[in-house]
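Chemist: Please see the structure below; I have some questions.
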Amino acid sequence: MKINTKHYIWLSYKRGVSDNPLPYVSYTHRYLQFQKMKFELKHINDLTPTDFIKHNIWVQYYSGDEIDFIEEEGYDRKEVESKLEKVNWSDEYWFKSLTTRAVTPYMFTRYYAQFELPNKKIIDGYIEYTEYSGIQNYCLYVDGEFIGLNIHHSDMNQEDEMKLKYKLSLNELYPMIVKCSSNIELNEIFNPNKSR
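Heads up: the sequence shown begins at 1000 in my numbering, then just goes up one per residue.
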């Protein structure tokens, strides 16, 4: 396979053996080829794990200042502006990032991730990364919804922790092992109970 060096990303993944048929993320490397992509917007409520598996990095359109970044990724500026005009420049829309940087230059980025629970079950989801605080949330996709855990304010997570325990039939949610599709720095073992 010929690699188009203009549009590829260095990605980490391996196939895992679990009850989850989706790829299990680790630090085995390979190239994924990107061809010139059309700029497409997806409403925040319409994103699913399948979107993250097909394309590992999604970015929120946040402000007009980001148009230059979007164009630098290889998207056509006129097409970008036309599509954003159709949704009234709303910040409720996300698009695929083609960046090869470990961290994007955007205000809000979501990276495909998988979370291994204490019972060894693997759940798909994403890591939300913000320009102002780095990793902000771990979000697990359970029963058709993303349920988020704020990693900076674990006291805010009690309701969502209870919901996850109930939906997943777990007595304990932590520690969980976190694997990300990008090389952003993170602690692979998430256990906020250690600091409580």
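Don't be surprised by glycine CBs; every beta carbon is placed ideally from N, CA and C.
Counting along the chain, where does the beta strand (DSSP E) carrying residue 1051 start and finish?
Modeler: Here residue 1051 refers to the residue found at position 52 of the sequence shown. Careful: residue 1051 lies outside any beta strand (DSSP E), inside the alpha helix (DSSP H) at 1048-1053.
Chemist: What's the call for residue 1101, buried or exposed, on a 16-neighbour Cβ count within 10 Å?
Modeler: To locate residue 1101, count along the sequence shown from 1; it is residue 102. It is exposed - the Cβ of residue 1101 has fewer than 16 other Cβ atoms within 10 Å.
Chemist: Confirm, please, whether the CB-CB distance from residue 1125 to residue 1109 is below 8 angstroms.
Modeler: As a first step, residue 1109 must be located in the sequence shown, where it is residue number 110. As a first step, residue 1125 must be located in the sequence shown, where it is residue number 126. Yes, the Cβ-Cβ distance between residue 1109 and residue 1125 is below 8 angstroms.
Chemist: Taking C-beta to C-beta, are residue 1068 and residue 1128 nearer than 8 angstroms?
Modeler: Within the sequence shown, the letter at position 69 stands for residue 1068. Within the sequence shown, the letter at position 129 stands for residue 1128. Result no, Cβ atoms of residue 1068 and residue 1128 do not sit closer than 8 angstroms.
Chemist: Please return the same chain residues whose Cβ sits closer than 7 angstroms to the Cβ of residue 1146, not counting the five positions on each side in sequence.
Modeler: Counted from its first residue, the sequence shown places residue 1146 at position 147. Non-local C-beta neighbours of residue 1146 in its own chain, meaning closer than 7 angstroms and more than five positions away in sequence, comprise 1138, 1139, 1159, 1162, 1163, ordered along the chain.
Chemist: Relative to the alpha-carbon of residue 1178, which residue among 1171, 1136, 1038, 1187 has its alpha-carbon at the smallest distance?
Modeler: As a first step, residue 1178 is located in the sequence shown; it is residue number 179 there, counting from the start. Selected option, being the one with the closest Cα: 1187.
Chemist: Tell me which residues share the same chain as residue 1191 and place their Cβ nearer than 6 angstroms to its Cβ, disregarding the 5 neighbours each side in the sequence.
Modeler: The residue labelled residue 1191 in the question sits at position 192 within the sequence shown. Counting only Cβ-Cβ distances below 6 angstroms, and skipping sequence neighbours, we find 1153.
Chemist: Helix or strand or just coil, what does DSSP make of residue 1064?
Modeler: Within the sequence shown, residue 1064 is the residue found at index 65, counting from 1. Residue 1064 falls in the helix class under three-state DSSP.
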